[in-house]
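Take a look at the structure below.
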Amino acid sequence: MSGPGISVVICAYTEDRWEDILAAVSSVRAQSRPALETLLVVDHNETLRERLAKEYKESSGDAVVRVLANAGPRGLSAGRNTGIAAARGEVVAFLDDDAVAERDWLRHFAEAYGDPRVMAVGGRTVPVWASGRRPDWFPEEFDWVVGCTYRGLPRGRVRVRNVLGGNASFRRSAFDAAGGFATGIGRDGDKRPLGCEETELCIRLSRARPDAVLLIDDRAVIHHRVPEIREHFRYFRTRTYAEGLSKALVARSVGAEKGLESERRYATRVLPAGVARGLRDALLARPGGAGRAGAIVAGVLTAAGGYVVGSVRARRGGTTFRVPAVEVAARE
């Protein structure tokens with residue numbers, strides 16, 4: 001097998017996703033380019049850890065699955081850092097525990113790392129709606145609300161400011177240069193659905209390594225399950241508000257110029273075009289047009305409100321986060 005060895009990290013926290021976790025691991029095992037290993041990192045749930053350890057006790061060869069406990073504080077960032085520290089591959093890829101990867105997912109990642117300047121590669125995440133179809137009112141411009149690739153991202157294999165964490169990979173040396181995922185930004189399983197930890201890391205990486213190339217290749221596809229509760233406007237509003245809070249933390253860490261660079265284009269070009277499409281569809285009596293236009297406006301306003309609140313809290317010192325150094329495992 002040519003190219004870098006790839007370790008895949010899947011972070012899990014609840015037995016409610018048992019079947020999803022098994023499906024995620026199966027999709028990694030079925031890759032056309034085998035992973036070096038799959039690391040299942042369990043977030044402070046000993047019952048789940050023991051159950052998964054028993055499930056994968058006999059794994060070996062290209063199908064090896066290692067089950068680990070999150071060695072840091074509760075949350076996705078610390079879980080990912082635990083996986084990075086234990087990974088043996090030259091590249092570390094991340095897959096959500098409620099997603100399945102297409103067969104050539106890792107092959108497309110590996111191809112991009114033929115360029116030694118490439119430090120990170122992300123892919124395209126497609127929503128799988130619990131109801132069987134996208135809600136009429138839900139705008140594609142806001143698919144990031146449910147952890148998926150949204151309208152407005154460039155197509156093909158292109159340079160980007162940051163990859164999206166549920167479908168991403170990093171060269172091991174990226175963590176040597178920039179440290180790990182910051183704790184205190186992303187999800188912790190109990191609080192608001194915060195995010196942006198991968199954005200903050202990617203900006204920090206670009207500062208530490210100005211020559212670094214970060215890519216998205218939309219051929220590296222995963223399918224991400226969207227539970228029924230996330231198909232409702234209440235979750236949409238909660239998630240967009242939390243995104244504003246998260247963006248304020250990122251801006252505090254890396255500065256507003258870099259922290260909001262992509263968001264300015266998104267807000268001034270992508271979203272107005274989405275509102276226009278929604279209104280046009282409404283005039284043509286197409287289902288959901290007015291709802292999509294209204295959801296875009298509501299999403300902007302709630303995200304802006306979260307950003308203001310988050311900025312005030314940051315200035316008052318009410319919110320903190322930490323960027324850990326990550327000691328990676330020695331290669332075998």
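In UniProt numbering, the protein residues as written are 1 to 332. Cβ coordinates follow ideal geometry from the N, Cα and C atoms, glycine included.
Which of helix, strand or coil does DSSP assign to residue i?
i, result
"threonine 240", "helix"
"alanine 182", "coil"
"valine 64", "coil"
"glycine 189", "Caution applies to glycine 189, whose pLDDT of 47 falls short of 50 and renders its modelled position unreliable; the value that the coordinates give is listed next. If DSSP states are grouped into helix, strand and coil, glycine 189 belongs with coil."
"asparagine 70", "coil"
"glycine 305", "helix"
"valine 160", "coil"
"glycine 123", "strand"
"leucine 36", "coil"
"proline 7", "It is worth fixing the name first, because residue 7 is serine in this sequence and not proline. Correct three-state label for serine 7: strand."
"serine 2", "coil"
"leucine 249", "helix"
Checking 8 Å against the spacing of the C-beta atoms, do residue i and residue j come in under that value?
i, j, result
"valine 91", "arginine 171", "yes"
"arginine 209", "alanine 168", "no"
"glycine 123", "tryptophan 105", "yes"
"leucine 215", "valine 118", "yes"
"leucine 68", "leucine 40", "yes"
"glycine 244", "glycine 310", "yes"
"glycine 291", "aspartate 136", "yes"
"valine 226", "cysteine 202", "no"
"alanine 120", "histidine 223", "no"
"alanine 293", "valine 275", "yes"
"arginine 230", "threonine 302", "no"
"serine 77", "alanine 242", "no"
"valine 221", "arginine 159", "no"
For residue i, tell me which candidate among the options has the shortest Cα-Cα distance.
i, options, result
"arginine 219", "Arg107, Asp20, Trp129", "Arg107"
"proline 34", "Asp16, Gly5, Ala99", "Gly5"
"glycine 152", "Arg264, Leu283, Tyr13", "Arg264"
"residue 333", "Asp211, Gly165, Tyr241", "As shown, the chain starts at 1 and ends at 332. That puts residue 333 outside it, with no answer to give."
"tryptophan 129", "Arg234, Gly294, Glu228, Pro272", "Glu228"
"arginine 74", "Ser262, Glu140, Pro127, Asn45", "Asn45"
"valine 8", "Ala93, Cys202, Ala101", "Ala93"
"glutamate 37", "Lys247, Gly83, Pro272, Leu279", "Gly83"
"arginine 266", "Ala86, Arg88, Glu140", "The question names arginine, but residue 266 in the sequence shown is tyrosine. Nearest option by C-alpha distance: Glu140."
"glycine 3", "Phe109, Gly289, Pro154", "Phe109"
"valine 308", "Glu198, Arg252, Ala71", "Arg252"
"alanine 85", "Ala101, Asp97, Ser173, Asp20", "Ser173"
"glycine 72", "Cys11, Ala24, Ile296", "Cys11"
"arginine 313", "Ala295, Pro287, Leu249, Thr268", "Leu249"
"valine 42", "Asp97, Ser32, Asp115", "Asp97"
"valine 28", "Ala101, Gly288, Pro272, Pro116", "Ala101"
"leucine 22", "Tyr13, Trp144, Leu52", "Leu52"
"valine 64", "Leu76, Ala30, Ala78", "Ala30"
"phenylalanine 138", "Leu283, Gly278, Ala212, Arg315", "Gly278"
Name, in chain order, the residues that DSSP records as bridge partners for residue i.
i, result
"tryptophan 129", "Val226"
"residue 409", "Beyond the ends of the chain as shown, which are 1 and 332, falls residue 409; an answer cannot be given."
"leucine 214", "Ala120"
"alanine 99", "His224"
"alanine 12", "Val42"
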